[in-house]
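Under my numbering, the residues of the sequence shown are numbered 12 to 172, in order.
All C-beta atoms, glycine included, are put in the ideal place defined by N, C-alpha and C.
Before any comments, here is the structure.
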Amino acid sequence: MSYDLPNVRLGEQAEGDAESDDGGGEPVRTVEYLNFEVLDERGWSIDDDDLFEKAADADLDEADHGTIEVQGRRYVLDAAEDEGFAWPFECRAASCANCAGIVYDGDLSMDMDLILTEEEVEERNIVLTCQAVPASDEVKLVYNAMHLEYLQDRVIGVREV
Numbered sequence: 012m013s014y015d016l017p018n019v020r021l022g023e024q025a026e027g028d029a030e031s032d033d034g035g036g037e038p039v040r041t042v043e044y045l046n047f048e049v050l051d052e053r054g055w056s057i058d059d060d061d062l063f064e065k066a067a068d069a070d071l072d073e074a075d076h077g078t079i080e081v082q083g084r085r086y087v088l089d090a091a092e093d094e095g096f097a098w099p100f101e102c103r104a105a106s107c108a109n110c111a112g113i114v115y116d117g118d119l120s121m122d123m124d125l126i127l128t129e130e131e132v133e134e135r136n137i138v139l140t141c142q143a144v145p146a147s148d149e150v151k152l153v154y155n156a157m158h159l160e161y162l163q164d165r166v167i168g169v170r171e172v
């Protein structure tokens, strides 16, 4: 069976992209995260050059700022849940913006994207955490970006967790 969907990799095709620099083992990558809602509460901007330094100095709750480790092809949202965090999501199928995040630094690759525009991904650094896998050893990510005004038409219901 052949799937000709843009931006979609399934099964062995997705696994083939998981080769690591260390000869095929599963790399462990670090994602430093910050809750988007904190930006508004503190009067910070995603454009602040020292955003994550401010977060580190602000003594925020672990749910709002910290680090998680993501192993191999694990999705960022799944790794956050592995650590006991309840990050927002709805469909887990790249069809809504509930799990949207903003890549502040580093690289994340998405296995699938059916909802974001090319501009949002390439210029605004928006990713779907349910489909995002770290592509660099260290990533800084602002999660919970579903609150961005221009994503509101793609947010569906809000799951209570």
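Cβ of residue 122 within 7 Å of Cβ of residue 151? no
Determine the direct distance from the alpha carbon of residue 85 to that of residue 132, and round the result to whole angstroms. 20 Å
I need the straight-line Cα distance from residue 156 to residue 37, nearest angstrom please. 28 Å
Using three-state DSSP, classify residue 166 as helix, strand or coil. coil
Spatial distance of residue 126 from residue 57 (CA atoms): 22 Å
Going by the beta-carbon positions, is the gap between residue 119 and residue 138 smaller than 7 Å? yes
Give the single residue among 53, 165, 48, 93 whose Cα lies nearest to the Cα of residue 108. 165
Do residue 78 and residue 112 come within 7 Å of each other at the CB atom, strictly closer than that value? no
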